[in-house]
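Visitor:
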Amino acid sequence: MLYLLVVEDDDDIATLLAYHLGKLGYTVTRASDGEEAIRALEGGNFNLVLLDIMLPKIDGLEVLKTMRYRMELSTPVIVESARGEESDIVTALEIGADDYITKPFSPNVLVAKVKSLLRRMQNNAKETTPTTVSTQHLFLDARSHTCCVDKVDVQLTATEFSILWTLAGDSGRVFTRTQLISATKGDDYPVTERSIDVQIATIRHKIGNAGPSLKTVWGVGYKYLEEQT
């Protein structure tokens, strides 16, 4: 499942975008001003952001600067605005936007841009996907499903390995329980969020010295935070 953030102060446009993107199976979160957008980015993980430039409180370009420079997020961003001047387009792209569309626009064109950008990012990820994760205490090998803690083999079930690989492979990123279920079992797998809590507790126990790096983010989910080597 892919998670999109739509930052748009025009409720009609935001509703229209959420409808079209939702039909494709994307999970859409909405923010109506710059401050709300930054809070959403701080509290969640998104595969793509649709960002209006003309926003209340904090404008879109400042939100984009915050994403790229303060939060150091590489999340793909499509900027959309009524501004059509070349200088605005250049500014947005220089700050870190991946694409730009001017209002008024066809929802079908924007959806096509979203699909194209996500497809490109996924293809790039496939080309660079590592097969191992190595930190101070933990070593994982995806090819053999091997887990070692301080050079000692640890036996994990397939599900436990998938959860740990998802978290440790993207160190510092917070995953919700739903995202962990989707990553390890697929979107339609009938697993309760409570079962993820049980799996996490078991993994913590099994991985010993690496266990404290598997952290609970209260009200959100889990992350693995240990410097990779």
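Numbering (my numbering), first residue to last: -10 to 218.
Ideal Cβ placement from N, Cα and C applies to all residues, glycine included.
Nothing here was measured: the structure is a model prediction, and the numbers come from that model.
State the CB to CB distance for the pair Leu129 and Leu153, rounded to an integer number of angstroms; the pair is presumed to be in contact (CB under 8 Å).
Guide: 7 Å
Visitor: Quick check on Val239: does DSSP put it in helix, strand or coil?
Guide: What is shown of the chain runs -10 to 218, which leaves residue 239 out entirely.
Visitor: By the three-class DSSP mapping on this structure, what secondary structure does Glu15 have?
Guide: One detail in the question is off: residue 15 reads as Tyr in this sequence, not Glu. The answer is coil: DSSP assigns Tyr15 none of H, G, I, E or B.
Visitor: From which residue to which residue does the alpha helix (DSSP H) around Asp88 run?
Guide: It is not in any alpha helix (DSSP H) - Asp88 instead sits in the beta strand (DSSP E) that spans Asp88 to Thr91.
Visitor: Please classify Ile38: is it buried, with 16 or more other beta-carbons within 10 angstroms of its beta-carbon, or exposed?
Guide: The residue asked about is misnamed: residue 38 is Val in this sequence, not Ile. That one is buried.
Visitor: My understanding is that Phe164 touches Gly210, with C-beta atoms under 8 Å, so please give their C-beta distance in whole angstroms.
Guide: 5 Å
Visitor: Beta carbon of Ala86, beta carbon of Val98: below 8 Å?
Guide: No, the pair does not count as a contact, with Cβ atoms beyond the cut-off.
Visitor: Could you please give me the residues that DSSP links to Ile192 through a beta bridge?
Guide: Bridge partners of Ile192: none, in fact.
Visitor: Of the choices Glu25, Thr80, Thr173 and Arg166, whose alpha-carbon is the least far from that of Asp186?
Guide: Arg166
Visitor: Using the C-alpha atoms, what's the distance from Arg183 back to Leu50?
Guide: 39 Å
Visitor: Give the secondary structure of Leu82 by DSSP, where H, G and I count as helix, E and B as strand, and everything else as coil.
Guide: Note: Leu82 maps to helix in three-state DSSP.
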